[in-house]
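These notes concern the structure reproduced below.
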Amino acid sequence: MLPAVTKRSTQRIVFIDILRAYAILMMLQGHFIDTLLAEEFRQASSSLYSTWAFMRGMTAPIFFTVTGLVFVFLLLRDGRPVAENPRVRKGLRRGVFLVGVGYLLKINFPALLTFYISPWFWAVDVLHVIGLSLIALISVVALREWLGGNLGIWLLLAGVMTFFVDPYFTEPSWEGTPRFLAHYLTRDFGSNFTVVPWVGYTFLGGVLGYTLNRQPQWAFSHWLPLLLMAFGWTLTKGSHQMLVNLYQLTGWENFPVLYGNNYLFWRLGHVLIVISLFMWVVPRVGRIPRLVSKIGGETLTVYGVHYVVLYGTWLGLGLSQVIGYRSLSPVPAVVGAALFVAAHVVLIAHIETVREWVYVQLPTWARNRYRLLRIWVKRELPRRWEAAEGQRGLSRVFVAVLNLQRGMETSGEE
């Protein structure tokens, strides 16, 4: 049995991991029900369905906000300048890695044997944007170090301005943009997430990470959770009028679009309320099961497993194909969601055993290649990154990806 977490010195990290555990478990049940609940039961007039939809809508904002909180907190904890901070290099690697995993999860291997890649492969999902968000956070930290000023203010301005410019990306047509790039800018072609506005939540989470880095004891106070809750409540109730007032003051045409569909600041208010509750409650609970914080630390594993099992991406066969897309009535959907969540909890409880078993099953040559790959990623890749001619190297990669996509689109038309 896993021991409970009781040390006060670790409660701040536990509060973050428990919040992430809450978000990932909410994601599991949300994706299961959204994928399998039949259309005729999706009625806005149903209080149960409306409550579920409201709670599900908080999952992504919480993830992005907590990502910014954790990353900035750890980045600043090292204390060294950007050029000397190992967290910077690790963050860049992690960002590129997450983008790569985002694409890897979309590969259909049987179809790949016939040299076919679905256009859906290029659609951007949450991992792509989180990966780019880490790189964006490092960019803001480096820019602030170069130009000076308060990092908290830099991140706050970056987050708010990202929300403010969202209409520039949602309103125009991106038909003339290369499809690979357009997927990062608009949802019109099938992406679930885009860089704008979601990176804004990461910037704003970074503000809280900066604050807790400067004053970590505030996480155990009464007044910081109370302040976050008050600010969150104000955004939830007053952000619409705030945007109306800004439009009357400036005449900027983005503001009517924003207050016409005020989900960004509205959801930010909910996120701050949830964070305040977890921040206040967790340090005051005597025993936190280690498994809960362990789930929060294995969000990438949970996300990857659920993605392949639910959507059947790798083999073309998953729960959505076996059960039938949006074919269940409410009771089987709820029971199935509970079992789906429970299965992932059991997986994480025994994740070390599972990983060891998978590793042992691999043939010797595969284990050797895996070890060499890890060494290369940790040692050689950073050296080559530093030695590369930055912009030219990135341009070559970008052009190669565009050419690959155009070639597949041409073959698809034929």
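Numbered per our numbering, the sequence shown spans residues 1168 to 1581.
Just so you know, even glycine gets a beta-carbon here, dropped at the ideal spot from N, CA and C.
This structure is a prediction, so every number in the text was calculated from the model and none was measured.
Exercise for the section: Tell me where the alpha helix (DSSP H) around Phe1347 begins and ends. Expected result: For Phe1347, the uninterrupted alpha helix (DSSP H) run begins and ends at Arg1346 to Ala1349, by DSSP.
Practice task
Give the straight-line distance between the Cα atoms of Ile1518 and Ala1205, rounded to the nearest whole angstrom.
Solution key: Looking at the two C-alpha atoms, the distance is approximately 33 Å.
Exercise for the section: Out of Ala1386, Ala1397 and Leu1301, point me to the one whose CA is closest to Val1362's CA. Expected result: With distances taken between Cα atoms, Val1362 lies closest to Leu1301.
Handout entry: Local Cβ density within 10 Å of Arg1244, reported as buried at 16 or more and exposed below that
Key = The residue is exposed, with fewer than 16 neighbouring Cβ atoms inside 10 Å.
Handout entry: Same chain only: Cβ atoms within 8 Å of Ser1487, ignoring 5 sequence neighbours per side
Key = For Ser1487, where only same-chain residues beyond five positions count, the Cβ hits under 8 Å are Thr1202, Leu1203, Leu1477, Tyr1478 and Gly1479.
Practice task
Answer yes or no: does any C-beta atom of chain D fall closer than 8 Å to that of Val1239?
Solution key: The structure shown contains no chain D; it is built from a single protein chain.
Problem - Per-residue burial, Arg1254 [other beta carbons within 10 Å of its own, 16 or more giving buried] - result: Residue environment: Arg1254 is assigned as buried (16 or more neighbouring CB atoms within 10 Å of its CB, all protein chains considered).
Handout entry: C-alpha gap between Leu1444 and Met1396, whole angstroms
Key = Answer to the nearest angstrom: the Cα atoms are 8 Å apart.
Problem - Bounding residues of the alpha helix (DSSP H) (the contiguous stretch that carries Gly1582) - result: Within the shown structure, residues of the chain are numbered from 1168 to 1581, placing residue 1582 beyond reach of any answer.
Handout entry: Contact check, Leu1241 vs Leu1375, beta carbons under 8 Å
Key = By the CB criterion at 8 Å, Leu1241 and Leu1375 fall outside the cutoff.
Problem - Beta-carbon gap between Leu1352 and Phe1330 smaller than 8 Å - result: A distance of 8 Å or more separates the beta carbons of Leu1352 and Phe1330.
Exercise for the section: Enumerate in chain order the residues of its own chain whose CB-to-CB distance from Ala1190 is below 6 Å, with the five nearest sequence positions on each side excluded. Expected result: Excluding positions up to five away in sequence, the list reads Thr1226, Ile1229 and Phe1230.
Exercise for the section: State the DSSP-derived secondary structure class of Pro1530, mapped to helix, strand or coil. Expected result: It is coil, neither helix nor strand.
Problem - the segment 1433 to 1444 contacting the segment 1366 to 1381, beta-carbon criterion three pairs below 8 Å - result: Counting Cβ pairs under 8 Å, three or more are found: they touch.
Practice task
Measure the C-alpha to C-alpha separation of Asn1380 and Trp1321 and round it to an integer number of angstroms.
Solution key: Those two C-alpha atoms are separated by around 16 Å.
Exercise for the section: Starting from Leu1495, follow its DSSP beta bridges and name the residues at the other end. Expected result: According to DSSP, residue pairing for Leu1495 in a beta bridge involves Leu1204.
Exercise for the section: State buried or exposed for Leu1186, treating a residue as buried only when at least 16 other CB atoms are found within 10 Å of its CB. Expected result: Label assigned to Leu1186: buried.
Practice task
Pick helix, strand or coil for Ile1274, following the three-state DSSP scheme.
Solution key: In the structure shown, Ile1274 sits in coil (DSSP, three-state: anything other than H, G, I, E or B).
Problem - CB of Gly1485 within 8 Å of CB of Val1475, strictly - result: Inclusion of Gly1485 and Val1475 in the CB contact set at 8 Å is warranted, their separation being smaller than that value.
Problem - Arg1346 beta carbon less than 8 Å from that of Phe1360 - result: Going by C-beta atoms, Phe1360 is not nearer than 8 Å to Arg1346.
Practice task
Under 6 Å Cβ to Cβ from Trp1447, same chain only, skipping five residues before and after it: list those, please.
Solution key: Excluding sequence neighbours, Trp1447 sits near Pro1392.
Exercise for the section: Hey, could you find the ends of the alpha helix (DSSP H) Ile1284 is sitting in? Expected result: For Ile1284, there is no enclosing alpha helix (DSSP H), as DSSP gives it neither H nor E.
Exercise for the section: Enumerate, from N- to C-terminal direction, the unbroken alpha helix (DSSP H) stretches of 4 or more residues contained entirely within the segment 1412 to 1453. Expected result: Fully enclosed alpha helix (DSSP H) runs of 4 or longer: 1421 to 1427 and 1431 to 1448.
Exercise for the section: Closer than 6 Å by C-beta to Phe1387: which residues in its own chain qualify, once you throw out the five before and the five after it? Chain order, please. Expected result: Cβ neighbours of Phe1387 beyond the five flanking positions: Pro1450.
Handout entry: Rounded separation between Gly1427 and Met1194 - CA only
Key = Rounded to the nearest angstrom, the two C-alpha atoms are 27 Å apart.
Handout entry: Proximity below 8 Å, CB of Trp1403 to CB of Trp1433
Key = The sequence given here has Thr at residue 1403, not Trp. With contacts defined as CB atoms closer than 8 Å, Thr1403 and Trp1433 qualify as a contacting pair.
Practice task
Output the boundary residues of the alpha helix (DSSP H) element that contains Gln1488.
Solution key: For Gln1488, the enclosing alpha helix (DSSP H) covers residues Leu1486 to Ile1490.
Handout entry: Proximal residues to Ala1290 (C-beta, below 6 Å), its chain only, five neighbours per side dropped
Key = These residues qualify, in order along the chain: His1350, Gly1357 and Ser1358.
Problem - Spatially closest choice to Val1511 from Phe1199, Ile1183, Val1181 and Pro1248, by CA coordinates - result: The question names Val, yet the displayed sequence has His at residue 1511. Of Phe1199, Ile1183, Val1181 and Pro1248, the residue nearest in Cα terms is Phe1199.
Problem - Whole-Å CB distance - Glu1338 paired with Val1424, under 8 Å assumed - result: Going by Cβ atoms, the distance from Glu1338 to Val1424 rounds to 7 Å, so yes, they are a contact pair.
Handout entry: Nearest to Ala1188 (by Cα), restricted to the options Ile1442, Val1249 and Ala1533
Key = Selection Ile1442, Val1249 and Ala1533 evaluated against Ala1188 yields Ile1442 as nearest (Cα-Cα).
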